[in-house]
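Visitor: In the numbering used here, the protein residues as written are 87 to 403.
Shown below is the structure under consideration.
This is the structure:
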C-alpha cells in the first residue's frame with residue numbers, strides 16, 4: 087500500500103502491457119468499468135498520483151460511498167496473494183487491538199491478475215505513535231491467550247454458555263488459508279506445536295526454495311542437522327498461539343491522525359517472538375526504532391510463560 091495518495095494530478099499508470107498484451111490505457115478503462123460494476127458505484131474518480139510498494143501498484147478513488155484504495159497486480163498468483171491478505175486483515179480487525187484498513191473485495195482482472203479494494207486511509211510515516219503501536223501489537227499477540235483464559239472461566243460459571251464470546255480460541259499453529267510473503271506462498275496447515283509448524287512450514291519451505299534455485303548441497307546438509315535440534319530450543323517453554331501480522335517490517339506500518347495503522351499482513355497463529363525477527367530485519371528503516379523495539383521486547387517478556395527455559399540451545403553442535 088502506498089502511504090501517501092493526496093494532491094497532484096491523475097496519473098494512474100499501472101503497467102506497460104498486461105499478460106494478454108493489452109495497453110495501459112485500454113486496461114485502465116476496462117479496470118475502471120469492472121470496479122464500477124463490482125462496487126455498484128456510479129462515481130469512480132481517481133485522486134492523487136498512483137503509488138505502490140515492492141509488489142503491487144495502487145490508486146485512490148472517490149466513490150458513491152467514500153474513498154477507497156485499490157491495489158493492482160498483474161501476476162497470475164495475484165488473487166491468491168490478495169485473498170490471503172484480505173483474510174489476514176479480517177482476522178486482525180476482529181481483535182479490535184490495532185487498526186488496519188477495512189478490506190472490501192478481491193476482483194479478477196480479465197487480462198490476468200487481480201485487484202484488491204480496501205478502505206482508503208490518509209497515512210504518513212510512523213513517528214508520533216510508535217510507542218503506542220508497540221503496545222497494540224502486544225495486545226494483538228496476547229488476544230488469543232486472553233480469549234482462552236476468558237473461555238475457561240466461562241466454562242466454570244453457573245449457566246455456562248450464556249453470554250459467551252463469539253470469538254473462538256485457537257489452540258493450534260497455522261491459519262485457515264494460505265498467505266504470501268511477497269510472491270512466495272506460505273503454507274499454513276495447522277500443527278499442534280510451534281516447533282513442528284516452524285520447521286515444516288517456514289524453515290523447510292525456505293530451504294526447499296534455496297535447493298531448487300541454487301542447488302546448495304551444503305545448506306541442505308547443515309539443515310538436516312539443525313532441524314533435529316530445533317525442538318530442543320523450545321523445551322519447557324509454554325507457547326500459546328498468537329495471531330501475528332506476519333510481515334511487520336517498517337514498510338508495513340504507518341500512522342494517521344488517530345493512531346498507528348498496520349497493513350499488508352501475512353497472518354498466522356504462531357510464536358509471538360516470530361514478529362520480532364521480521365521487525366528486526368530492517369531496523370534502520372524504523373522511525374524511533376529503538377523505542378518500538380523496546381516495546382516489542384517488553385511484549386515478548388510479558389507474553390512468555392513464567393517458566394524458565396531449562397534447555398535453550400543456540401548451536402547445532
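Glycine is no exception: its CB is placed at the ideal position from the N, C-alpha and C atoms.
Buried or exposed for residue 262, please, with buried defined as at least 16 other CB atoms from any protein chain shown within 10 angstroms of its CB.
Guide: Residue 262 comes out exposed.
Visitor: Using only alpha-carbon positions, find the residue among 254, 199, 243 that is nearest to residue 234.
Guide: That would be 254, whose Cα lies nearest to the Cα of residue 234.
Visitor: Could you please give the first and the last residue of the uninterrupted beta strand (DSSP E) stretch that includes residue 409?
Guide: Within the shown structure, residues of the chain are numbered from 87 to 403, placing residue 409 beyond reach of any answer.
Visitor: DSSP three-state label for residue 282, please.
Guide: Residue 282: helix per DSSP, three-state reduction.
Visitor: Does DSSP put residue 353 in a helix, in a strand, or in coil?
Guide: Three-state result, residue 353: coil.
Visitor: Measure the alpha-carbon distance for residue 296 versus residue 268 and round it to whole angstroms.
Guide: One C-alpha to the other measures close to 16 Å.
Visitor: Are the stretch 334-347 and the stretch 272-279 touching by the rule of at least three beta carbon pairs closer than 8 Å?
Guide: They do not touch, by the three-pair rule.
Visitor: Hey, how far is the Cα of residue 211 from the Cα of residue 217?
Guide: Distance between the alpha carbons of residue 211 and residue 217 is about 14 Å.
Visitor: Only counting the same chain, and skipping five residues up and downstream in sequence, which positions put a Cβ closer than 7 Å to that of residue 229?
Guide: Cβ neighbours of residue 229 beyond the five flanking positions: 181, 183, 329.
Visitor: Any idea which residues DSSP pairs residue 194 with across the strands?
Guide: 200.
Visitor: Do residue 323 and residue 284 have their CB atoms nearer than 8 Å?
Guide: Not a contact, by the Cβ cut-off of 8 Å.
Visitor: Within a Cβ cutoff of 6 Å, which residues of the same chain sit near residue 205, ignoring the five residues on either side of it in sequence?
Guide: Around residue 205: 187, 188.
Visitor: Which residues mark the beginning and the end of the alpha helix (DSSP H) in which residue 170 is found?
Guide: Per DSSP, residue 170 belongs to the alpha helix (DSSP H) from 164-181.
Visitor: According to the neighbour-count rule (16 or more other Cβ atoms, all chains shown, within 10 Å of its Cβ), is residue 202 buried or exposed?
Guide: Its Cβ being crowded by 16 or more others within 10 Å, residue 202 is buried.
Visitor: Just curious, the beta strand (DSSP E) that residue 342 is in, first and last residue?
Guide: First-last of the beta strand (DSSP E) with residue 342: 339-342.
Visitor: Could you tell me which of 274, 270, 266 sits nearest to residue 259, measuring between CA atoms?
Guide: The residue with the shortest Cα to Cα distance from residue 259 is 274.
Visitor: Going by other Cβ atoms of all chains shown within 10 Å of its Cβ, with 16 needed for buried, is residue 266 buried or exposed?
Guide: Buried is the call here.
Visitor: Taking C-alpha atoms, which residue in 140, 192, 160, 169 lies nearest to residue 154?
Guide: The shortest C-alpha separation from residue 154 is found at 192.
Visitor: Among the residues of its own chain, which have a CB less than 6 Å from the CB of residue 306, if the five just before and after it don't count?
Guide: These residues qualify, in order along the chain: 297.
Visitor: Measuring only the C-alpha atoms, how far is residue 162 from residue 240?
Guide: Between residue 162 and residue 240, the C-alpha separation is close to 47 Å.
Visitor: Span of the beta strand (DSSP E) holding residue 329?
Guide: Per DSSP, residue 329 belongs to the beta strand (DSSP E) from 328-330.
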